[in-house]
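Residue numbers (the UniProt record's numbering): 1 to 114.
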């Protein structure tokens, strides 16, 4: 749907992030992919918008879906009538956790000043 504005706060390589990407690709939905690992400002923005530090977070037309899997995103998009279910497989699991190496944490500084 061309009327959707989708911003996805994702890790470059992560089971859940890849699941979200797979669902957006499956439904041919354009989106902005904001890397929260290599660009700390994207992580800060995600935390400010979602109110929490867990990813993936996907913002659809201003509505934030925090800490969501690809499977949950697909069900939400269908429930909102943004897409109609397509019964075709995707090339990655859509509800799989990240492996341990994807969680190497770096300090995150969040500026709450307005």
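Glycine included, C-beta positions come from ideal geometry on N, C-alpha and C.
Problem set entry | Beta-carbon proximity list for residue 104, same chain, < 8 Å, skipping 5 on both sides | On the chain shown, position 104 is the one that residue 104 refers to. Bear in mind that a pLDDT of 47 at residue 104, under 50, signals an unreliable position, so the number given afterwards is only what the model happens to contain. For residue 104, where only same-chain residues beyond five positions count, there are no Cβ hits under 8 Å.
Exercise. Helix, strand or coil: how does DSSP classify residue 97 here?
Worked result: Against the chain shown, residue 97 aligns to sequence position 97. Three-state DSSP puts residue 97 in coil, outside helix and strand.
Exercise. Does the Cβ-Cβ distance between residue 115 and residue 24 come in under 8 Å?
Worked result: With the chain covering only 1 through 114, there is no way to say anything about residue 115.
Exercise. Are three or more beta carbon pairs between the region 11-31 and the region 43-53 nearer than 8 Å?
Worked result: Judged by Cβ distances under 8 Å, the region 11-31 makes no contact with the region 43-53, as fewer than three pairs qualify.
For this session: Would you kindly report the start and end of the unbroken beta strand (DSSP E) that includes residue 78?
Result: Looking up residue 78 in the chain shown gives position 78. First-last for residue 78: 70-79, but that is the alpha helix (DSSP H), not the beta strand (DSSP E).
Exercise. In this structure, does DSSP put residue 6 in helix, strand or coil?
Worked result: In the chain shown, counting from the first residue as 1, residue 6 sits at position 6. Here DSSP, grouped into helix, strand and coil, assigns residue 6 to strand.
Exercise. Thinking C-alpha only, which one of 4, 3, 94, 34 is nearest residue 74?
Worked result: Residue 74 sits at position 74 when you count from the first residue of the chain shown. When each option's Cα is compared against that of residue 74, the closest is 94.
Exercise. Should residue 8 and residue 31 be called a contact, given that it needs their Cβ atoms to be closer than 8 Å?
Worked result: If you number the chain shown from 1, residue 8 lands on position 8. If you number the chain shown from 1, residue 31 lands on position 31. For residue 8 and residue 31, yes; Cβs fall inside 8 Å.
For this session: Can you say whether residue 41 is buried or exposed, counting buried as having 16 or more other CB atoms within 10 angstroms of its CB?
Result: Here residue 41 is taken as the residue at index 41 of the chain shown, counted from 1. Under this definition residue 41 is an exposed residue.
Exercise. To which residues does DSSP link residue 35 through a beta bridge?
Worked result: As a first step, residue 35 must be located in the chain shown, where it is residue number 35. DSSP lists 10 as the beta-bridge partner residues of residue 35.
Problem set entry | C-alpha gap between residue 13 and residue 96, whole angstroms | The residue given as residue 13 occupies position 13 in the chain shown. The residue given as residue 96 occupies position 96 in the chain shown. Going by C-alpha positions, residue 13 is about 12 Å away from residue 96.
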